[in-house]
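Asks: Numbering-wise, the numbering used here comes out as the position in the sequence shown, counting from 1, plus 8.
Idealized CB from N, CA, C, for every residue including glycine.
Got a structure for you, questions after.
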Amino acid sequence: KCKCGSGKKFKHCCWRDAAAGRGSGGASGAGEADGAAGAAAAAGGCTPYDGPGEAELRRRAEAGDAEAGWTLGQTLMARGEEAEAVKWVRWAAEEKGYARAMGLLGNWYIGGKGVPQDKLEGYKWARRASETSIEQGVNVEANKACLVKIDAQISLLTGGAVPSGDD
């Protein structure tokens with residue numbers, strides 16, 4: 009159940025708490041509370057997910073809807089279907105260039121959730137998420153500040169080398 013108290017299952021709605029630094033919801037680290045979610049949070053737009061069911065999400069994802077793939081991946085991960093969850097989120101990130109999926113995949117690598125833990129790979133995905141959000145004009149200043157923090161983490165992990173988002 010969502011930690012916001014909505015009583016609904018498979019939620020990722022607590023952007024307001026994450027933006028306020030309380031971290032009780034879906035945004036748990038670098039990249040996941042990307043520009044669009046951050047903007048909703050700043051506006052107080054924490055709304056429990058009550059969108060389409062899993063079958064509809066799958067249909068939309070199979071038809072090429074990146075957001076549906078990202079949401080389906082979260083739904084599957086919440087249920088413990090890690091391999092299928094990673095498949096959909098990776099598809100939305102790699103094939104569709106969906107920034108929220110990039111950030112989530114980065115979080116999963118950093119935490120070793122559904123994938124082998126690899127902090128460097130996670131921060132690279134977080135970096136791609138911020139770069140993509142900047143290119144799209146989404147929360148540009150916040151994402152630029154995030155890039156500075158991400159680059160510092162990458163630098164610590166690599167002994168000074170900071171890769172571009174193309175690595």
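CB Leu84 to CB Leu65, shorter than 7 Å?
Replies: Sequence index remark: in the sequence shown, residue 84 carries index 76 (1-based). Sequence index remark: in the sequence shown, residue 65 carries index 57 (1-based). Against a cut-off of 7 Å, the Cβ pair of Leu65 and Leu84 comes out as no contact.
Asks: Can you give me the Cβ contacts of Gly61 inside the same chain, cut-off strictly under 7 Å, excluding the 5 residues immediately before and after it?
Replies: One-based indexing of the sequence shown puts residue 61 at position 53. Hits under 7 Å: none found.
Asks: For Trp78, which residues of its own chain have a beta-carbon under 7 Å away from its beta-carbon, when the five flanking residues on both sides are left out?
Replies: In the sequence shown, the residue the question calls residue 78 occupies position 70. For Trp78, where only same-chain residues beyond five positions count, the Cβ hits under 7 Å are Val97, Ala100, Tyr106, Arg108, Ala109, Leu112.
Asks: If you follow the alpha helix (DSSP H) that Tyr117 is in, where does it begin and where does it stop?
Replies: Mapped onto the sequence shown, residue 117 falls at position 109. Here the alpha helix (DSSP H) through Tyr117 covers 107-119.
Asks: Would a C-beta distance cut-off of 7 Å place Ala93 and Gly122 closer than the cut-off?
Replies: Position 85 of the sequence shown, counted from the first residue, corresponds to residue 93. Position 114 of the sequence shown, counted from the first residue, corresponds to residue 122. Contact flag set, yes.
Asks: Do you know how far the Cα of Ser141 is from the Cα of Ala74?
Replies: Taking the sequence shown and counting its residues from 1, one reaches residue 74 at position 66. Taking the sequence shown and counting its residues from 1, one reaches residue 141 at position 133. Looking at the two C-alpha atoms, the distance is approximately 15 Å.
Asks: Grouping DSSP H, G and I as helix and E and B as strand, with all else coil, what is Gly77?
Replies: For the purposes of this step, residue 77 is taken as the residue at position 69 of the sequence shown. In the structure shown, Gly77 sits in a helix (DSSP, three-state: H, G or I).
Asks: What is the residue span of the alpha helix (DSSP H) that Asn151 lies within?
Replies: The residue given as residue 151 occupies position 143 in the sequence shown. Taken as a continuous stretch (DSSP letters only), the alpha helix (DSSP H) holding Asn151 covers 148-166.
Asks: Nearest to Glu139 by alpha carbon, out of Ala153, Asp126, Gly167?
Replies: If you number the sequence shown from 1, residue 139 lands on position 131. When only C-alpha atoms are compared, the closest one is Ala153.
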